[in-house]
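Reviewing the structure listed below.
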Amino acid sequence: MPLPLAPIVAALVGVAFALVGRDEVRRSTSAPTSTRGFLVTTIASFALLAPAVGYFLAFYPDWAWAYLVPGSRVPSAVDLLATLLAAACAPLSFVWTASALRRHAVRELVRGAGALVVLLAVATALLGPRLVVAATYTAFREGYDLAPVGGTSLGVSILWIDGCLIAGLVWAASRLRTREPARRQSTARGPALRG
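If you read the sequence shown in the numbering used here, its first letter stands for residue 839, the second for the next number, and so on.
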């Protein structure tokens, strides 16, 4: 996942996880940060989203920065900090969504989520032409040696990493579904009759 899109995607993941786990959020009287949904969102963000972003920053840094800066010149500490900040957007948007759900602020929730979707669409439209080619920063800037992503190892990595990311996020979201506790059937029988 390219770094410029990662915070927006992470924020949308936080919103989606809060909506999936809305039953627990509405029932709970404690802070949104102490819910199971917040824990699942935080773990999914830092165990799934952050490694997906970090992989591309490590192996395809120019593409991960969408050829906006030469990825090889960005210090690794900056890459790490940017990855962690992007991943932190998911738990933060979960807390915002949970508080909006508790207050029944549907308009606020629709406006916020809608703004994130529009922002993602605009960012994807602007960065899309940059993200469909595999090159170095210099080659992209000068317009030579550009290869379509589909026929490169970058394309395979995008399919593999994003496929695993989506599968992991779907599985994590499925853990947020509220399940009614199974009713225990009493196995205790009355006192044994001796006869």
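Using N, Cα and C, we set each Cβ at its ideal position, and we do this for glycine too.
Counting only runs of 4 or more residues that sit fully inside the region 865–907, the alpha helix (DSSP H) segments are 874–882, 888–897, 899–902, in chain order. Taken through DSSP and simplified to helix, strand or coil, P913 comes out as coil. Inside the region 961–1009, DSSP marks whole alpha helix (DSSP H) runs of 4 or more residues at positions 975–980, from first to last along the chain.
Pairing V970 with L895, the inter-Cα distance amounts to about 16 Å. Excluding five sequence positions before and after S872, none of the CB atoms of its chain fall closer than 6 Å to its own CB. A direct Cα-to-Cα measurement between V907 and G966 gives close to 16 Å. Between G859 and L930, the alpha-carbon positions lie close to 15 Å from each other.
Using a 10 angstroms sphere on the CB of I996, the tally of other CB atoms reaches 16 or more, which defines it as buried. Excluding residues up to 5 positions away in sequence, Y898, W901, A972 lie with their Cβ nearer than 8 Å to the Cβ of L992 in the same chain. Close CB contacts of F932 within its chain, under the 6 Å cut and outside five residues either way in sequence, are with G852, F855, A856, F876, T879 (chain order).
Residue burial annotation: S883 is buried, with at least 16 other C-beta atoms found within 10 angstroms of its C-beta. Straight-line spacing of the CA atoms in A888 and V994 works out to 19 Å.
Under the three-state reduction of DSSP, P840 is assigned to coil, being neither helix nor strand.
Rounded to the nearest angstrom, the gap between the Cα atoms of T990 and L984 is 11 Å.
Here DSSP, grouped into helix, strand and coil, assigns L930 to helix.
Excluding the 5 residues flanking it on each side, A977 has same chain C-beta neighbours closer than 8 Å at D983, L984, in chain order. Of the residues assessed, W903 falls on the buried side of the cut-off, its CB having 16 or more other CB atoms within 10 angstroms. Just measuring C-alpha positions, the residue of D917, A869, E862, A890 sitting nearest I999 is A890.
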